[in-house]
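J.:
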Amino acid sequence: MGKPRPQKKKSSKPREKSVLGPGGSISKGKMAQDPSVLLDQATILLQTGRADEALVIAQEALELTAENTTAQLPAINLLGEINVELGDIDTARNCFLQAVQLDQDGSIPEAQGGGAEKFLWLAQLSEQGGKDSVLWFEMGVNSLRKSIAALEGKTSPTPEEIADITQKKTKMSNALCAVAETYMTDLSWEEDAEARCEALVTEALLVTPEAPEVLQTLASVRISQLRTEDAQAALTRSMTFWKDLAPEDPKVPDFALRISLARLLMEVTMEFEALEVLERLILEDDQSVEAWYLGGWCLFLLAEKQVAPKDVPAEELTESPRQASLEASREWLKQALKLYDALEYEDERLRDHALELVQEMNKEIGEYESEAEEEGEGEDEEELEIEADSDDEMADS
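Numbering of the sequence shown is given in full-length UniProt numbering, commencing with residue 1 and proceeding in unit increments.
(1) According to DSSP, is I89 helix, strand or coil?
(2) Starting from N68, trace the alpha helix (DSSP H) in both directions and tell me its first and last residue.
(3) How is the alpha helix (DSSP H) around G140 delimited, first residue to last?
(4) Check whether the stretch 329-340 and the stretch 283-294 touch, using three or more Cβ-Cβ pairs below 8 angstroms as the test.
(5) If we ignore side chains and look at the alpha-carbon of each, how far apart do L299 and H353 end up?
(6) Three-state secondary structure (DSSP) at L261?
(7) If we call anything under 8 angstroms between Cβ atoms a contact, is K131 one with S147?
(8) In terms of residue numbering, what span does the alpha helix (DSSP H) encompassing A61 cover?
(9) Out of curiosity, what's the CA-to-CA distance linking P157 and V358?
(10) Does P321 come out as helix, strand or coil in the three-state DSSP assignment?
(11) Do V221 and A195 have their CB atoms nearer than 8 angstroms?
(12) Taking DSSP as the reference, what is the three-state secondary structure of K17?
(13) Decide if K305 is buried, meaning its Cβ has at least 16 other Cβ atoms within 10 Å, or exposed.
(14) Give me, in chain order, the residues of the same chain whose beta-carbon lies closer than 8 angstroms to that of M239; leave out the 5 immediate sequence neighbours on both sides.
(15) Leaving aside the five residues before and after K333 along the sequence, list all residues of the same chain whose C-beta is less than 7 angstroms from its C-beta, in chain order.
(16) Shortest alpha-carbon distance to E210 belongs to which of T182, Q232, S173, S188?
(17) Secondary structure at G29, three-state DSSP: helix, strand or coil?
(18) Relative to the C-alpha of L281, which candidate in L226, V252, P309, A193 has its C-alpha closest?
(19) Quick check on DSSP: helix, strand or coil for D186?
(20) According to DSSP, is Y345 helix, strand or coil?
(21) Closest to T70 by C-alpha separation, out of I108, R93, D52, would be which residue?
(22) Apply the 10 Å Cβ neighbour rule to R349 and answer buried if 16 or more other Cβ atoms are within range, or exposed otherwise.
(23) Between which two residues does the alpha helix (DSSP H) carrying M282 extend?
(24) Can you list, in chain order, the residues of its chain whose CB lies under 8 angstroms from that of L264, leaving out five sequence neighbours each side?
(25) Would you tell me roughly how many angstroms separate the C-alpha atoms of S25 and W189, rounded to the nearest one?
(26) Report buried or exposed for G80, applying the criterion of at least 16 other Cβ atoms within 10 angstroms of its Cβ.
(27) So what does DSSP say about S126, is it helix, strand or coil?
(28) Would you kindly work out how many angstroms separate the C-alpha atoms of D122 and R93, rounded to a whole number?
(29) Which residue marks the beginning of the alpha helix (DSSP H) containing P247, and which one marks its end?
(30) Excluding the 5 residues flanking A193 on each side, which residues of the same chain have their C-beta closer than 8 angstroms to its C-beta?
(31) In this structure, does DSSP put R227 in helix, strand or coil?
(32) Just how far apart, CA to CA, sit G49 and T43?
(33) On the three-state DSSP scale, how would you describe Q287?
(34) I need the boundaries of the alpha helix (DSSP H) containing T43, first residue and last residue.
(35) Which residues bound the alpha helix (DSSP H) around V201?
(36) Which class does P212 belong to by DSSP, given the choice of helix, strand or coil?
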């Protein structure tokens with residue numbers, strides 16, 4: 001899984017009406033000087049990809065609140081998120097650190113700008129990583145744990161509170177998984193790293209037993225312990241909760257998590273399952289370089305096992321199973337390399353590995369037919385042009 005990438009946060013605060021004017025412009029009415037209205041405006045701008053404009057308005061909202069008071073928390077947190085979106089990580093980090101000074105244990109309600117979010121952001125944005133990230137994650141988990149306990153302690157929670165509990169549990173289990181991943185990578189040298197991973201994943205499973213991310217993290221732990229069959233079982237279970245759902249269903253894991261799933265499946269020799277995941281991802285986004293690359297690599301691994309792609313019936317095979325998989329692999333990898341250049345993708349290791357695989361396959365099954373045809377067509381066109389020029393010269397003479 002690795003340390004989670006910062007993601008845009010969606011505001012959960014309900015709004016009775018839009019604060020945007022006609023055509024999506026910002027309303028300039030009398031309420032424009034109300035900090036809460038300005039923050040609503042800035043949030044909408046951030047969510048619609050207008051982070052530069054959001055920054056100006058959020059800064060204005062901050063200036064309208066009393067300095068060094070908890071009233072500044074909503075604006076400071078939003079400014080942190082805006083700066084993450086703008087790529088100014090240092091400024092974002094400073095914003096969240098300022099928020100920690102005003103709410104050191106996350107006990108202030110989220111509706112007032114408090115809660116765990118700032119700790120989770122600081123864990124992700126940590127310059128040192130390792131123990132520093134773990135510290136921030138643990139602070140976030142502690143804040144969430146208290147908040148969940150308070151909500152669950154109510155005798156008659158509202159539907160909104162029940163939904164809030166679910167959301168907080170997901171955040172908490174994801175944070176626990178992130179700490180486990182840190183102990184498998186940056187802190188793997190710690191004597192108690194394996195025991196900590198086990199405890200963290202166990203708690204995450206108790207919090208959200210059906211969460212795909214938790215089950216994938218469990219699989220990662222089992223892989224590190226060389227318990228391949230247990231890893232396979234965890235990955236199989238993780239897919240049962242969403243694989244038959246429509247792409248737009250909120251229970252379907254996000255794109256990046258399913259890319260990680262495909263890698264894990266390949267690592268435990270579940271290539272057919274990995275290919276099914278990747279084929280679905282391509283249907284959702286056919287511009288994903290990584291999905292095309294992983295699909296090509298996966299098919300190459302099938303070829304190494306002398307197995308044909310699953311979607312080619314045995315009676316329709318006109319060549320050996322190995323060759324069928326190699327040809328399919330090359331098509332996927334060629335598409336990955338084509339997109340790599342077109343999108344100016346930045347992962348040289350991916351490109352080099354894809355090229356290495358393609359070159360290896362070319363030696364075994366010959367050059368790519370379409371390329372040979374294109375070269376032949378180009379030569380034919382040149383010959384036709386030469387003949388036409390000769391005819392013109394003869395006519396002139």
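The C-beta atom is built at its ideal place from N, Cα and C for all residues, glycine as well. These numbers come from a predicted model, not from an experiment.
T.: The structure says:
(1) As a first step, residue 89 must be located in the sequence shown, where it is residue number 89. Shown here, I89 sits in a helix according to DSSP, grouped into three states.
(2) Residue numbering aside, residue 68 sits at position 68 when the sequence shown is read from its first letter. For N68, there is no enclosing alpha helix (DSSP H), as DSSP marks it with neither H nor E.
(3) Translated into positions along the sequence shown, residue 140 becomes position 140. Where G140 is concerned, the enclosing alpha helix (DSSP H) starts and stops at 130-152.
(4) Three or more Cβ pairs closer than 8 angstroms define a contact, and the stretch 329-340 meets that threshold against the stretch 283-294.
(5) Translated into the one-based positions of the sequence shown, residue 299 becomes position 299. Translated into the one-based positions of the sequence shown, residue 353 becomes position 353. So the alpha carbons of these two residues sit roughly 14 angstroms apart.
(6) What you label residue 261 is simply residue 261 of the sequence shown in a count that begins at 1. Of the three classes helix, strand and coil, the one that applies to L261 here is helix, per DSSP.
(7) Within the sequence shown, residue 131 is the residue found at index 131, counting from 1. Within the sequence shown, residue 147 is the residue found at index 147, counting from 1. Remark: C-beta atoms of K131 and S147 do not approach each other more closely than 8 angstroms.
(8) Here residue 61 refers to the residue found at position 61 when the sequence shown is read from its first residue. Following the DSSP letters along the chain, one finds A61 inside the alpha helix (DSSP H) bounded by residues 51-63.
(9) For the purposes of this step, residue 157 is taken as residue 157 along the sequence shown, with counting starting at 1. For the purposes of this step, residue 358 is taken as residue 358 along the sequence shown, with counting starting at 1. Each residue's Cα considered, the two are about 58 angstroms apart.
(10) Indexing the sequence shown from 1 puts residue 321 at position 321. Note: P321 maps to helix in three-state DSSP.
(11) Within the sequence shown, the letter at position 221 stands for residue 221. Within the sequence shown, the letter at position 195 stands for residue 195. The Cβ atoms of V221 and A195 lie no closer than 8 angstroms to each other.
(12) Along the sequence shown, one-based indexing puts residue 17 at 17. With a pLDDT of 38 at K17, under the threshold of 50, the predicted position of this residue should be treated as unreliable, though the coordinate-derived value follows. It is coil, neither helix nor strand.
(13) As a position in the sequence shown, residue 305 is number 305, starting the count at 1. Under this definition K305 is an exposed residue.
(14) Indexing the sequence shown from 1 puts residue 239 at position 239. If we look at M239 and ignore the five residues flanking it on each side, its Cβ neighbours are P212, L261, E273, V277.
(15) Residue numbering aside, residue 333 sits at position 333 when the sequence shown is read from its first letter. According to the sequence as given, residue 333 is Leu; it is not Lys. Here the set comprises Y293, G296, A354, L357, V358.
(16) For the purposes of this step, residue 210 is identified with residue 210 of the sequence shown, where counting begins at 1. With distances taken between Cα atoms, E210 lies closest to S173.
(17) To locate residue 29, count along the sequence shown from 1; it is residue 29. Confidence in G29 is poor, its pLDDT being 47 and thus under 50, which makes the residue's placement unreliable; the coordinate value appears in the next sentence. In the displayed model, G29 falls within coil according to three-state DSSP, outside both helix and strand.
(18) Walking along the sequence shown from the start, residue 281 turns up at place 281. Here the closest residue by C-alpha is V252.
(19) Residue mapping note: residue 186 aligns to position 186 of the sequence shown, counting from 1. Three-state DSSP puts D186 in coil, outside helix and strand.
(20) On the sequence shown, position 345 is the one that residue 345 refers to. Residue state, collapsed to three classes: coil.
(21) Translated into positions along the sequence shown, residue 70 becomes position 70. The option with the nearest alpha carbon to T70 is I108.
(22) As a position in the sequence shown, residue 349 is number 349, starting the count at 1. Note on R349: under 16 other CB atoms within 10 angstroms of its CB, so exposed under the neighbour-count rule.
(23) Indexing the sequence shown from 1 puts residue 282 at position 282. Reading off the sequence shown, one finds Ile at residue 282, where the question assumed Met. Element bounds for I282: 271-284.
(24) Walking along the sequence shown from the start, residue 264 turns up at place 264. Correct list, in chain order: Q216, A219, S220, I223, A231, L235.
(25) In the sequence shown, residue 25 corresponds to position 25, counting from 1. In the sequence shown, residue 189 corresponds to position 189, counting from 1. For S25, the predicted model reports a pLDDT of 48, less than 50, meaning its position is unreliable; a value from the coordinates is still stated below. If I take the Cα positions, the gap works out to 54 angstroms.
(26) As a working mapping, residue 80 is identified with position 80 in the sequence shown. By the neighbour-count rule (16 or more Cβ atoms within 10 Å), G80 is buried.
(27) Here residue 126 refers to the residue found at position 126 when the sequence shown is read from its first residue. Coil, per DSSP.
(28) Numbered from its first residue, the sequence shown carries residue 122 at position 122. Numbered from its first residue, the sequence shown carries residue 93 at position 93. It should be noted that the sequence gives Leu, not Asp, for residue 122. If I take the Cα positions, the gap works out to 6 angstroms.
(29) As a first step, residue 247 is located in the sequence shown; it is residue number 247 there, counting from the start. Annotation for P247: no alpha helix (DSSP H) segment contains it, and DSSP assigns it neither H nor E.
(30) Looking up residue 193 in the sequence shown gives position 193. Closer than 8 angstroms at Cβ, skipping near neighbours: Y183, M184, L187.
(31) Reading the sequence shown from its first residue, position 227 is the one you call residue 227. Note: R227 maps to coil in three-state DSSP.
(32) Residue numbering aside, residue 49 sits at position 49 when the sequence shown is read from its first letter. Residue numbering aside, residue 43 sits at position 43 when the sequence shown is read from its first letter. In a straight line, the C-alpha of G49 is about 10 angstroms away from that of T43.
(33) Counting from one through the sequence shown, the residue named residue 287 turns up at place 287. Q287 sits in coil when the DSSP states are folded into three classes, being neither helix nor strand.
(34) Position 43 of the sequence shown, counted from the first residue, corresponds to residue 43. 35-47 is the extent of the alpha helix (DSSP H) around T43.
(35) Working through the sequence shown from its first residue, we reach residue 201 at position 201. Segment 193-207, the alpha helix (DSSP H) holding V201.
(36) What you label residue 212 is simply residue 212 of the sequence shown in a count that begins at 1. Three-state DSSP puts P212 in a helix.
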